[in-house]
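**Q** The following block contains the structure, expressed as structure tokens.
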Amino acid sequence: MRAGYLIFSGLLGKLSLKQLPHDPLTIFGASLMVAVPIVIAIILTLTKRWKWLYREWLTTQDHKKIGMMYIIVAVAMGLRGLSDVILIRAQQSLASGNSHGILSSSHFQQIVSAHGTIMIFFVAMGLMFGIINLIVPLQIGSRDVAFPFLNATGFWLFFSGMVLVNVSLLIGDFSATGWLAYPPLSELKYSPTVGVDYWIWSLEIAGIGSLMAGINFIVTILKNRVKGMKLMLMPLFSWSVLGSMSLVVFAFPILTVALTLLALDRTFGMHFFTAGGGGNMMMYVNLIWAWGHPEVYILVLSAFGVYSEIVSVFSRKRLFGYSSMVYAIWAIVVLSFIVWLHHFFTMGAGSDVNAFFGIMTMIIAVPTGVKLFNWLFTMYRGKLSLKTPMLWFIAFVVVFTIGGMAGVIMAVPPLDFQFHNSLFLVAHFHMMIVSGVLFGYFAAITYWFPKFFGFKLNERLGKYAFWSWLIGFLLAFVPLYILGFMGATRRLDHYSASLGWQPLFIVAAVGVGFIILGVTFQFLQLIVSIWQRNRELSGRDPWSGRTLEWSLPTPPPIYNFARLPEVSTRDAFWAAKVAGLSDDRPYQAIEIPRNTPLAMVIAAGAFCFGFAFVWHIWWLAVLGLLIVIVTIIYRSMDEHPTYLLSAREVELLDKSKFAKDAVS
Amino acid sequence: MSSLQVSNSALAKSRRQIEQSEKEGNALFGFWVYLMSDCVLFASLFATFVVLRNNTFGGPSGAQLFNLPYVLLETIVLLTSSFTNGLALLSAQRRKLQQTLVWLGVTFALGVTFLTLEISEFHKFALLGDSWHRSGFLSAYYTLVGTHGAHITIGLIWMAVMAVYIVKRGLNNPLVLKRIRMLSLFWHFLDVVWIFIFTIVYLFGALHA
Numbered sequence: 001m002r003a004g005y006l007i008f009s010g011l012l013g014k015l016s017l018k019q020l021p022h023d024p025l026t027i028f029g030a031s032l033m034v035a036v037p038i039v040i041a042i043i044l045t046l047t048k049r050w051k052w053l054y055r056e057w058l059t060t061q062d063h064k065k066i067g068m069m070y071i072i073v074a075v076a077m078g079l080r081g082l083s084d085v086i087l088i089r090a091q092q093s094l095a096s097g098n099s100h101g102i103l104s105s106s107h108f109q110q111i112v113s114a115h116g117t118i119m120i121f122f123v124a125m126g127l128m129f130g131i132i133n134l135i136v137p138l139q140i141g142s143r144d145v146a147f148p149f150l151n152a153t154g155f156w157l158f159f160s161g162m163v164l165v166n167v168s169l170l171i172g173d174f175s176a177t178g179w180l181a182y183p184p185l186s187e188l189k190y191s192p193t194v195g196v197d198y199w200i201w202s203l204e205i206a207g208i209g210s211l212m213a214g215i216n217f218i219v220t221i222l223k224n225r226v227k228g229m230k231l232m233l234m235p236l237f238s239w240s241v242l243g244s245m246s247l248v249v250f251a252f253p254i255l256t257v258a259l260t261l262l263a264l265d266r267t268f269g270m271h272f273f274t275a276g277g278g279g280n281m282m283m284y285v286n287l288i289w290a291w292g293h294p295e296v297y298i299l300v301l302s303a304f305g306v307y308s309e310i311v312s313v314f315s316r317k318r319l320f321g322y323s324s325m326v327y328a329i330w331a332i333v334v335l336s337f338i339v340w341l342h343h344f345f346t347m348g349a350g351s352d353v354n355a356f357f358g359i360m361t362m363i364i365a366v367p368t369g370v371k372l373f374n375w376l377f378t379m380y381r382g383k384l385s386l387k388t389p390m391l392w393f394i395a396f397v398v399v400f401t402i403g404g405m406a407g408v409i410m411a412v413p414p415l416d417f418q419f420h421n422s423l424f425l426v427a428h429f430h431m432m433i434v435s436g437v438l439f440g441y442f443a444a445i446t447y448w449f450p451k452f453f454g455f456k457l458n459e460r461l462g463k464y465a466f467w468s469w470l471i472g473f474l475l476a477f478v479p480l481y482i483l484g485f486m487g488a489t490r491r492l493d494h495y496s497a498s499l500g501w502q503p504l505f506i507v508a509a510v511g512v513g514f515i516i517l518g519v520t521f522q523f524l525q526l527i528v529s530i531w532q533r534n535r536e537l538s539g540r541d542p543w544s545g546r547t548l549e550w551s552l553p554t555p556p557p558i559y560n561f562a563r564l565p566e567v568s569t570r571d572a573f574w575a576a577k578v579a580g581l582s583d584d585r586p587y588q589a590i591e592i593p594r595n596t597p598l599a600m601v602i603a604a605g606a607f608c609f610g611f612a613f614v615w616h617i618w619w620l621a622v623l624g625l626l627i628v629i630v631t632i633i634y635r636s637m638d639e640h641p642t643y644l645l646s647a648r649e650v651e652l653l654d655k656s657k658f659a660k661d662a663v664s
Numbered sequence: 001m002s003s004l005q006v007s008n009s010a011l012a013k014s015r016r017q018i019e020q021s022e023k024e025g026n027a028l029f030g031f032w033v034y035l036m037s038d039c040v041l042f043a044s045l046f047a048t049f050v051v052l053r054n055n056t057f058g059g060p061s062g063a064q065l066f067n068l069p070y071v072l073l074e075t076i077v078l079l080t081s082s083f084t085n086g087l088a089l090l091s092a093q094r095r096k097l098q099q100t101l102v103w104l105g106v107t108f109a110l111g112v113t114f115l116t117l118e119i120s121e122f123h124k125f126a127l128l129g130d131s132w133h134r135s136g137f138l139s140a141y142y143t144l145v146g147t148h149g150a151h152i153t154i155g156l157i158w159m160a161v162m163a164v165y166i167v168k169r170g171l172n173n174p175l176v177l178k179r180i181r182m183l184s185l186f187w188h189f190l191d192v193v194w195i196f197i198f199t200i201v202y203l204f205g206a207l208h209a
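Heads up: the sequence lines are chains X and R, in that order.
Each step along the first sequence adds one to the number in the numbering used here, with nothing skipped, and position 148 is 148.
Each step along the second sequence adds one to the number in the numbering used here, with nothing skipped, and position 65 is 65.
Following this line, the structure appears as structure tokens:
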């Protein structure tokens, strides 16, 4: 009996019932985490939608559907990240003097770490890959991405990583070592629970997914452009994505290495970053930022691309300085790899090294400035129409400039010794990433929404959301600059009342209240727009767009282009509209990838592998790895991964689409 | 009329062939991009190794541990396998099925030999008490060389699957040829990485006593 129990518990590694949550707040979070999937499952069963879900979504190889799934996951994770924000702001506005707030110290640190991790990896990256999947193939006149199966696998790995982060809420705990888990704190000696392991493996899995997506889009953009679209005729969003994906391919392997080495330290007792045993913890910090700084530009470049499209369309002008925009992108790509040390001037690498990285950091502001001025010159003497996407853009210009100037201040090494790890820094990078990334994808979603759903999002509610967000955002982060000057450091779960910081923390908390209002308006906007969808049917080209995606029927058919367009200028669709050409070339048969669940199976194997490493369940790790290998081999044996849509079928589909568009 | 139809369908067929070859070009290019990212992965591991090289923490240094003639043997085995792999590709391009399989088999055997040599070297060190627990230097050593070994293992699995694939479909299938090309790219890449390991880990290690 006893022996049987021992074998059984041995099979479970470090896992036991003790790992279930026991404090009320975590129990609440965990039960929410369990309840949401159960409710979704019940709804699916009641409406008999399981088969539909499987056929239309889970097994799809269509980049447009994969893009939407990325965005759905990112929005759900955004809500989780936002609830972390609420707890952080509540704690910091309460925990002064004798009051210790609502959270224990270790719980607070876990929440801060989860907030950063989730917002960067699962919200910002998710939104970015979502928009890229939806738009890039349409913009470059391609019928598909270069590697649909690789693309689907990338998404499902991203999904697995997301699930692993959330499982930590239910079983065990999460990392309490900040979003980048610096050693020696993140080493086994100082973080003996499984928290850091969850962090490592969820990012490892999601990161490999990102790498796959990066390879896929580089090849798609370089090889799948429609005939006639030379590189310098390509829309700027696609250019930005090419820059961003090049960064992904060169930066993510470094993340993979840094995480793996930390895992080897923790799991197998190696000495890469340990305090003793001949390890070198600053090497981790170097490796993680050699990935981390390019990562910032990965996110921001794609959003820059979105802004370039929006400014030109809503100013009804060609983009000012197209070539200089392209050069600026590539200058940023190159420079972003030689500034990483500015994240830790305090390491003590010496004045020469610090000076080099300080100067490089200031230089990278130059191409960014070039882009900003080009956007402003595009607006100059344009026929401006201040729709919500344009409002997000203008807010971005203001906020990003303020945040950027704070960045240039911190690029001066002696000053950085003062600001390092302070709330000044926290305010700076939120201003960069929220305005430069999040606002960009909000604008992108509003702008491209009608292409996929056939109606615009409600403009009035969009404006309410925008103003709530902007006011809330400034209220939440301007006080942090001041607090940073006053000496408040990041990740504080308690401070002395005599410091006089509490009022500013309360202002920041009020700001979060406004942001919540903004998010509420955004959801309301979505619901109302769906409700009133027949009022604002938008047809193919609601904004009088300039690029090829607007030439397609709404929603775009699975093959995107029934006839491949002919391109000879920039803003190809605009040129076609001006010329008013009609297309009567014959239709052709089109090859389309078959649906397959195998991408999902590979990701499930990867999930088992990650979960097994967190809990040291070795048989499960072997099983997970076997699932991955066998599935890949099985897939490689498939002789017919595609099917052929005949020219006649394409013609019928296309003509019915045309008829529908004409009605609306 | 019917001749027009025939030529139309012939046109469609040739268009699909062009599309097919474009797709293969895509795959080969994509594989290059993947290899570049793998290059960055190894570069990071090399950088780590160089940083930790002297952190022996009272344990053995490379000079005390490495047996250069043994490593030279490993190197010769791997380089030869690269050569025989090249021969396999050449035979495949000439559509000589049996020859391709033989050369692939020789490459596989050499790969297995290399892996065995590497693992028994690891084993020998571990028995002496010099496992990865011992020092930062040894952690970096096992991880860098072991990552290369893991890649070799993947290459061997791929080779075995490839052989099945060749037997099942023959060499007239463009997909089969494309994959043989990718496999040989991968194998040569691992060869190049090993040359760096041989130089930076073993030669420099033995020099800096």
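Glycine is no exception: its CB is placed at the ideal position from the N, C-alpha and C atoms.
Can you tell which of X:A146, X:T446, X:G195 has the C-alpha that lies nearest to the C-alpha of N458 of chain X?
**A** In the first sequence, the residue the question calls residue 458 of chain X occupies position 458. Of the candidates X:A146, X:T446, X:G195, the one whose C-alpha sits nearest the C-alpha of N458 of chain X is X:T446.
**Q** Taking 8 angstroms as the threshold (C-beta atoms), are T256 of chain X and I208 of chain X in contact?
**A** Along the first sequence, one-based indexing puts residue 208 of chain X at 208. Along the first sequence, one-based indexing puts residue 256 of chain X at 256. It is a contact, given that the beta carbons lie within the stated cut-off.
**Q** Is L171 of chain R close to chain X, meaning its C-beta is less than 8 angstroms from at least one C-beta of that chain?
**A** Counting from one through the second sequence, the residue named residue 171 of chain R turns up at place 171. Answer no: the Cβ-Cβ gap between L171 of chain R and chain X never drops below 8 angstroms.
**Q** Tell me L644 of chain X's beta-bridge partners as DSSP assigns them.
**A** Working through the first sequence from its first residue, we reach residue 644 of chain X at position 644. X:E591, per the DSSP bridge assignment.
**Q** Comparing C-alpha positions only, which one of X:I433, X:L499, X:P389, X:H430 sits nearest to W467 of chain X?
**A** Here residue 467 of chain X refers to the residue found at position 467 of the first sequence. Checked all of X:I433, X:L499, X:P389, X:H430; the closest Cα to W467 of chain X is X:P389.
**Q** Would you call the stretch 30 to 39 of chain X in contact with the stretch 154 to 173 of chain X, where contact means no fewer than 3 C-beta pairs closer than 8 angstroms?
**A** yes
**Q** Starting from Q522 of chain X, trace the alpha helix (DSSP H) in both directions and tell me its first and last residue.
**A** Mapped onto the first sequence, residue 522 of chain X falls at position 522. Its alpha helix (DSSP H) spans residues 502 to 531.
**Q** Using a Cβ cut-off of 8 angstroms, pull out every chain X residue sitting near E19 of chain R, in sequence order please.
**A** Numbered from its first residue, the second sequence carries residue 19 of chain R at position 19. Those are E591, listed as they occur along chain X.
**Q** In this structure, what does DSSP give as the bridge partners for T690 of chain X?
**A** Because residue 690 of chain X is not part of the residues shown, which for chain X are 1 to 664, the question remains open.
**Q** Pick helix, strand or coil for T489 of chain X, following the three-state DSSP scheme.
**A** Reading the first sequence from its first residue, position 489 is the one you call residue 489 of chain X. It is a strand residue.
**Q** Should L620 of chain X be labelled buried (16 or more other beta-carbon atoms within 10 Å of its own) or exposed?
**A** If you number the first sequence from 1, residue 620 of chain X lands on position 620. Buried, because 16 or more other Cβ atoms sit within 10 Å of the Cβ of L620 of chain X.
**Q** From K124 of chain R to L203 of chain R, what does the alpha carbon distance come to, in whole angstroms?
**A** Position 124 of the second sequence, counted from the first residue, corresponds to residue 124 of chain R. Position 203 of the second sequence, counted from the first residue, corresponds to residue 203 of chain R. Taking the straight line from one Cα to the other gives about 19 angstroms.
**Q** Is F149 of chain X near A575 of chain X, with beta carbons less than 8 angstroms apart?
**A** In the first sequence, counting from the first residue as 1, residue 149 of chain X sits at position 149. In the first sequence, counting from the first residue as 1, residue 575 of chain X sits at position 575. No, the pair does not count as a contact, with Cβ atoms beyond the cut-off.
**Q** Tell me the rounded alpha-carbon separation between F356 of chain X and L425 of chain X.
**A** Position 356 of the first sequence holds residue 356 of chain X. Position 425 of the first sequence holds residue 425 of chain X. Near 20 angstroms, if we compare the C-alpha coordinates of L425 of chain X and F356 of chain X.
**Q** On the CB-based measure, 16 or more other CB atoms within 10 Å of its CB, does Y190 of chain X come out buried or exposed?
**A** Position 190 of the first sequence, counting from 1, holds the residue named residue 190 of chain X. Classification of Y190 of chain X: exposed, given that the 10 Å Cβ count is below 16.
**Q** With distances taken from CA atoms, which of X:G403, X:E204, X:L87 is nearest D493 of chain X?
**A** Reading the first sequence from its first residue, position 493 is the one you call residue 493 of chain X. D493 of chain X has its Cα closest to that of X:L87, out of X:G403, X:E204, X:L87.
**Q** Quick one: what does DSSP say L188 of chain X is sitting in, helix, strand or coil?
**A** As a working mapping, residue 188 of chain X is identified with position 188 in the first sequence. Correct three-state label for L188 of chain X: coil.
**Q** Quick one: what's L537 of chain X bridged to in DSSP?
**A** By 1-based counting over the first sequence, the position of residue 537 of chain X is 537. L537 of chain X pairs with X:F455.
**Q** Taking the alpha helix (DSSP H) that R181 of chain R falls in, what are its first and last residues?
**A** As a working mapping, residue 181 of chain R is identified with position 181 in the second sequence. Here the alpha helix (DSSP H) through R181 of chain R covers 174 to 196.
**Q** Please confirm whether any heavy atom of the ligand PLP lies closer than 7 angstroms to the CB of E459 of chain X.
**A** In terms of ligand content, the structure shown is empty, and the ligand PLP therefore cannot be addressed.
**Q** For the stretch 45 to 75 of chain R, enumerate the residues whose C-beta is nearer than 7 angstroms to any C-beta of chain X, in chain order.
**A** L45, T48, V51, L52, N55, T56, F57
**Q** Determine the DSSP secondary structure at S31 of chain X, reduced to helix, strand or coil.
**A** As a first step, residue 31 of chain X must be located in the first sequence, where it is residue number 31. Helix.
**Q** So which residues of chain X does A140 of chain R contact, with C-beta pairs closer than 8 angstroms?
**A** Here residue 140 of chain R corresponds to residue number 140 of the second sequence, with the count starting at 1. The contacting residues are F272.
**Q** Counting beta carbon pairs with one atom in the stretch 309 to 327 of chain X and one in the stretch 173 to 187 of chain R, are three or more of them shorter than 8 angstroms?
**A** The stretch 173 to 187 of chain R, when compared against the stretch 309 to 327 of chain X, does not touch it at the 8 angstroms Cβ threshold.
**Q** Tell me where the alpha helix (DSSP H) around I633 of chain X begins and ends.
**A** Translated into positions along the first sequence, residue 633 of chain X becomes position 633. Note, I633 of chain X: alpha helix (DSSP H), 618 to 636.
**Q** Going by DSSP, what residue range makes up the alpha helix (DSSP H) through M128 of chain X?
**A** Numbered from its first residue, the first sequence carries residue 128 of chain X at position 128. 125 to 139 is the span of the alpha helix (DSSP H), which, as asked, contains M128 of chain X.
**Q** Determine the DSSP secondary structure at S91 of chain R, reduced to helix, strand or coil.
**A** For this step, residue 91 of chain R is matched to residue 91 along the second sequence. DSSP, read as helix, strand or coil, puts S91 of chain R in helix.
**Q** Contact criterion: CB-CB distance below 8 angstroms. Does Y34 of chain R meet it with respect to chain X?
**A** Position 34 of the second sequence, counting from 1, holds the residue named residue 34 of chain R. It does; some Cβ of chain X falls within 8 angstroms.
**Q** For L17 of chain X, does the three-state DSSP call read helix, strand or coil?
**A** As a position in the first sequence, residue 17 of chain X is number 17, starting the count at 1. Helix, per DSSP.
**Q** For K168 of chain R, count neighbouring C-beta atoms within 10 Å of its own C-beta (all shown protein chains included) and say buried if the count is 16 or more, exposed if not.
**A** In the second sequence, counting from the first residue as 1, residue 168 of chain R sits at position 168. Classification of K168 of chain R: exposed, given that the 10 Å Cβ count is below 16.
**Q** For the candidate residues X:K456, X:K18, X:L58, whose alpha-carbon lies nearest to that of R594 of chain X?
**A** Here the question's residue 594 of chain X lines up with position 594 in the first sequence. Comparing Cα-Cα distances from R594 of chain X to each of X:K456, X:K18, X:L58, the minimum goes to X:L58.
**Q** What is the DSSP secondary structure of Y441 of chain X, counted as helix, strand or coil?
**A** Along the first sequence, read from residue 1 onward, the residue named residue 441 of chain X stands at position 441. It is helical.
**Q** I need the DSSP call for S422 of chain X, collapsed to helix, strand or coil.
**A** Counting from one through the first sequence, the residue named residue 422 of chain X turns up at place 422. Residue state, collapsed to three classes: strand.
**Q** At 8 angstroms on the CB atoms, spell out the chain R contacts of N280 of chain X, in chain order.
**A** Start at 1 with the first residue of the first sequence, and residue 280 of chain X comes out as number 280. What N280 of chain X touches in chain R: V51, L52, N55, G136.
**Q** Are any of the Cβ atoms in chain X nearer than 8 angstroms to that of S37 of chain R?
**A** Position 37 of the second sequence, counting from 1, holds the residue named residue 37 of chain R. So, interface residue.
**Q** Which residues in chain R have a C-beta closer than 9 angstroms to the C-beta of A146 of chain X? List them in chain order.
**A** Stepping through the first sequence from its first residue, residue 146 of chain X is reached at position 146. By Cβ distance, chain R contributes K23, N26, A27, F29, G30.
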